[in-house]
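Q: Here the working numbering is used: the first residue of the sequence shown is 467, the next is one more, and so on.
Idealized CB from N, CA, C, for every residue including glycine.
My questions will all concern the structure given below.
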Amino acid sequence: MTCLLKECKFECRVSSVLNKNTRFYGKQYMFDNTSETCWHSDAGMQQWVLINFENVCTISAFEIEFQGGFAGKDCYVEIADNDNCTVCA
């Protein structure tokens with residue numbers, strides 16, 4: 467399976483970073499292919515990750531991996547093409 471994150475240009479935004487310490491807990495660790503690092507969100511309600519591809523891409527599957535025994539209670543995926551949004555729950 468092709469990994470769009472390796473082959474396509476994208477920007478990423480996240481809702482928060484633990485203690486605002488992006489050097490050790492930032493979003494870049496979601497994409498570094500190292501199982502010993504990860505993005506750490508700060509405590510609080512509804513954390514999110516936004517990935518914006520530079521060009522239109524076809525997504526056929528995706529994976530979410532939680533680390534350290536943490537797991538999202540309710541997870542939602544939204545896929546958008548400009549202003550058109552489709553929610554996949």
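Helix, strand or coil for F476, going by three-state DSSP, please let me know.
A: By one-based count along the sequence shown, residue 476 stands at place 10. Looking at F476 - three-state DSSP - the assignment turns out to be strand.
Q: In the DSSP assignment, the beta strand (DSSP E) including F519 goes from what residue to what residue?
A: Within the sequence shown, numbered from 1, the residue matching residue 519 stands at position 53. Where F519 is concerned, the enclosing beta strand (DSSP E) stretches over 515-519.
Q: Tell me, please, whether the CB atom of S481 is closer than 7 Å to any CB atom in chain B?
A: Here there is only one protein chain, and chain B is not present.
Q: Round the Cβ separation of F497 and L471 to the nearest angstrom and send it over; I've been treating them as touching at under 8 Å.
A: The residue you call residue 497 lines up with position 31 of the sequence shown. The residue you call residue 471 lines up with position 5 of the sequence shown. With a Cβ gap of about 6 Å, F497 and L471 count as contacting.
Q: Should T542 be labelled buried (16 or more other beta-carbon atoms within 10 Å of its own) or exposed?
A: Residue 542 sits at position 76 when you count from the first residue of the sequence shown. For the record, residue 542 in the displayed sequence is Tyr; it is not Thr. Per the 10 Å Cβ criterion, exposed.
Q: Is it buried or exposed for K493, if we count other Cβ within 10 angstroms and need 16 for buried?
A: Here residue 493 refers to the residue found at position 27 when the sequence shown is read from its first residue. Classification for K493: buried.
Q: Let me confirm a value: W514 is counted as buried when at least 16 other C-beta atoms fall within 10 Å, else exposed. Which label applies?
A: Here residue 514 refers to the residue found at position 48 of the sequence shown. Exposed: under 16 other Cβ atoms inside 10 Å.
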